[in-house]
Amino acid sequence: MADLEGLLREAMRRRHLTAQCLADRTGIRTPRIRAFAQDGAQGPVRPTREELAELADALSIPLPDILDAARIRAGVTA
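First residue of the sequence shown: -15, per the working numbering; consecutive thereafter.
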């Protein structure tokens, strides 16, 4: 199971996207995306389920994979 930090960094690297580009595609603020890519879902800035869904769509990652990486099941952070 991948963690959110690694999953986001790898997907962004493969698609040659910066945090700013991803912010433009999703509407999520750039500092939040940087925090997710640096600290994952367990850092001081925690992603919402809606943000994770937007990231999954923008990066073409299956939603269950990104939720699993963030360790979110049925809307509850583990």
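Glycine included, C-beta positions come from ideal geometry on N, C-alpha and C.
(message) Can you tell me whether I17 is helix, strand or coil according to DSSP?
(response) Assigned with DSSP and collapsed to three states, I17 falls in helix.
(message) Could you compute how far the alpha carbon of R(-7) sits from the alpha carbon of L43?
(response) Near 11 Å, if we compare the C-alpha coordinates of L43 and R(-7).
(request) With a 10 Å radius around its C-beta and 16 neighbouring C-beta atoms as the bar for buried, classify E(-11) as buried or exposed. (result) Counting the other CB atoms within 10 Å of its CB gives E(-11) a total of 16 or more, which places it among the buried residues.
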